[in-house]
Structures are given as C-alpha cells and as structure tokens.
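Its first residue numbered 2, the sequence shown is counted upward by one per residue in our numbering. Idealized CB from N, CA, C, for every residue including glycine. Quick caveat: nothing in here was measured; it's all calculated off a predicted structure.
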Amino acid sequence: MKKLLYVLSISLFFSCHNQAQVNEKQQAVINADPVVVPLEDGKARAYFASGCFWCVEAVFESVKGVEESISGYSGGHTTDINYEKSNTGTTGHAEAVEIIYDPEVVSFATLVDVYFGSQNPTQVNGQGPDKGSQYRSIIFYQDDEQKKIIEEKKAALAKELNATIAAEIYPFQKFYVGEAYHQDFEKRNPNQSYIRAVSIPRLNRFKAKFPELLKDKEKH
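What follows is the structure, encoded as structure tokens:
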C-alpha cells in the first residue's frame, strides 16, 4: 500500500507541473530577455496561450480595441514548429495567439483581465478537454511594466480564489503564425462539433461575464 501511495504521489507531483519538458534549451527560453515588438501604425501586439487557439482567438476578437487575433505557437525552444509537432508536447511551444490591438482603446492590463476571465485559471496543462503541455497557459511579457501587471493580477486572482493559478509567465521571444486553416476557425466553422461543444460555450461565458468589453456587434 505504501508503495502504491508513493507511486501515486510521484505521479501527482509531475502531473501538477504546468510546464513543458524543461531541458537546457527550454530553460534558456524561460530565462531570456524579452523581445519588445514595436508599435506598427499605432497598433500594439500581445501574446497569450490558454488552451486551444481556436477558442482564444474568438474570445479576443470580440473585445473592443482588438483589431485581429492570429493563431500560432510560442514559448518553445524549436524553430521548425507546426501543428503536428506542437501536438507531440516535446517542442516547449504552446498553442498561442497574437493580439493586434489599439492601446488607445484597450490596455494591456485589460487584455490580461480578458485572458484570466476567459479560462479556468487553475487548470494545469490545458483548458477543458484539451490536455497537454501544448495547451498550457502562458502569458508573455515584453518589458518590466507588463511583467509587473501580469504578476500583480495573477497574485490577486490567487488570493481571490484561494488557489494556485496555473498560468506561466514567459519573456516573449517569437511568435510562429499557425497554418492558414486554423485562422478564424470558429468563425468559419460554426457547426463543427468541437466548436459547438467547446469553443462557442467558452466564448459565450466570456461575453456574459464581460459585456462592457465587447464590440457593439458582439453584444447582439
């Protein structure tokens, strides 16, 4: 019995670590200096990972001030990433989104609120039915100010929920745009089974929680 409990405790210990397989290359990503993405035509960019990018893309595109949300991969140590390789869970990458937004309309701090408010913040290595390090939660920062915002909001949420918040905090390095068929997937495939069962309910829960953040067309 003791041997069984020991095995179970070891298994639980490893299953509760919300991170990719951390080898030297992955640790270098975690320890790197962040890359700052400059404004382009007055628009800023932010990067988040929170489960399936189909779901996350649709959530952020419903928010006032967000011009576009692009599905892709970030956070890993490989440079030849694609959907199939991401799904192995060995690249360090997670499915992520690039948010192009107007900082005069929506702040980075509000985008972090959207991020935490549109997921189960305590779920380790995934969201809903999607499980694995490639679906883990990561917030990427580009400078010390963004890092402070993220850390303060994460700590406040942990206190509010009296729980450990699963999201990792990474310095942004590079975003790899996903395959064309992943872009706007929920919008283009509203009757697909996963979209109907997972993505749309997740989006609707977010809309009900934050109606004041929605674009006018999303309120109807």
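Could you work out which residue in the options is closest to residue i when comparing CA atoms only?
i: Gln1; options: Ala47, Leu162, Tyr84; result: The requested residue 1 does not occur in the structure, where the chain is confined to residues 2 to 221.
i: Val113; options: Thr92, Val57, Gln174; result: Val57
i: Phe49; options: Glu68, Glu85, Lys154, Tyr116; result: Tyr116
i: Phe176; options: Asp145, Gly93, Ile150; result: Gly93
i: Tyr182; options: Lys155, Ile71, Asp81; result: Ile71
i: Asn121; options: Tyr74, Gln28, Lys155; result: Lys155
i: Ala110; options: Glu69, Glu153, Gly43, Asp81; result: Glu153
i: Glu41; options: Ile101, Phe141, Tyr74; result: Ile101
i: Ser108; options: Asn163, Thr80, Ile151, Ser119; result: Ile151
i: Phe141; options: Asn24, Val23, Gly43, Ser51; result: Ser51
i: Leu80; options: Val178, Phe207, Pro39; result: Per the sequence presented here, residue 80 reads as Thr, with Leu not at that position. Nearest C-alpha to Thr80: Val178.
i: Glu99; options: Glu69, Pro172, Ser194; result: Glu69
i: Pro172; options: Gln193, Ser194, Glu146; result: Glu146
Return the chain-ordered list of same chain residues with a C-beta closer than 7 Å to the C-beta of residue i, the five sequence neighbours on each side being excluded.
i: Phe26; result: It should be pointed out that residue 26 corresponds to Lys in this sequence rather than to Phe. These residues qualify, in order along the chain: His78.
i: Thr165; result: Thr123, Ala159
i: Gln174; result: Val30, Ala33, Val36
i: Ser10; result: A caution first: Ser10 carries a pLDDT of 41, below 50, which makes its placement in the model too unreliable to give a value.
What does a CB cutoff of less than 8 Å around residue i pick up in its chain, not counting 5 residues either side in sequence?
i: Gly133; result: Asn88, Gly90, Asn126, Gly127
i: Leu5; result: The predicted position of Leu5 is uncertain, since its pLDDT is 39 and thus under 50; a value taken from the coordinates is nonetheless stated next. Same-chain partners within the cutoff: there are none.
i: Val106; result: Lys65, Gly66
i: Glu180; result: Asn83, Tyr84
Could you tell me how far apart the beta carbons of residue i and residue j are, in whole angstroms, since I believe they sit closer than 8 Å?
i: Tyr64; j: Leu215; result: The amino acid at residue 64 is misidentified as Tyr; the sequence shows Val. So it is a contact: roughly 7 Å between Cβ atoms.
i: Ala45; j: Pro104; result: 5 Å
i: Gln135; j: Glu85; result: Gln135 to Glu85, Cβ: 11 Å. No contact.
i: Lys148; j: Ala59; result: That belief does not hold up - the Cβ atoms of Lys148 and Ala59 are roughly 27 Å apart, past 8 Å.
Following the continuous alpha helix (DSSP H) through residue i, name the residue where it begins and the one where it ends.
i: Gly118; result: 109-118
i: Val57; result: 54-62
Check for me: the beta strand (DSSP E) holding residue i runs from which residue to which?
i: Phe207; result: Careful: Phe207 lies outside any beta strand (DSSP E), inside the alpha helix (DSSP H) at 201-210.
i: Ala97; result: 95-102
i: Tyr171; result: 169-172
i: Tyr142; result: 138-142
i: Glu153; result: Careful: Glu153 lies outside any beta strand (DSSP E), inside the alpha helix (DSSP H) at 145-162.
i: Tyr84; result: First-last for Tyr84: 84-87, but that is the alpha helix (DSSP H), not the beta strand (DSSP E).
i: Glu68; result: 67-75
CB-CB under 6 Å to residue i, same chain, minus the five flanking residues each way: which ones, in chain order?
i: Met2; result: For Met2, the pLDDT reaches just 41, beneath the cut-off of 50, and the residue's location in the model is therefore unreliable, although a value from the coordinates is still provided. Excluding positions up to five away in sequence, the list is empty.
i: Phe186; result: Trp55
i: Ile196; result: Glu187, Asn190
Worksheet item: Which runs of the alpha helix (DSSP H) spanning at least 4 residues fall entirely within the stretch 18-49, listed in chain order?
Response: Listed in chain order, the complete alpha helix (DSSP H) runs (minimum 4 residues) inside the stretch 18-49 are 25-32.
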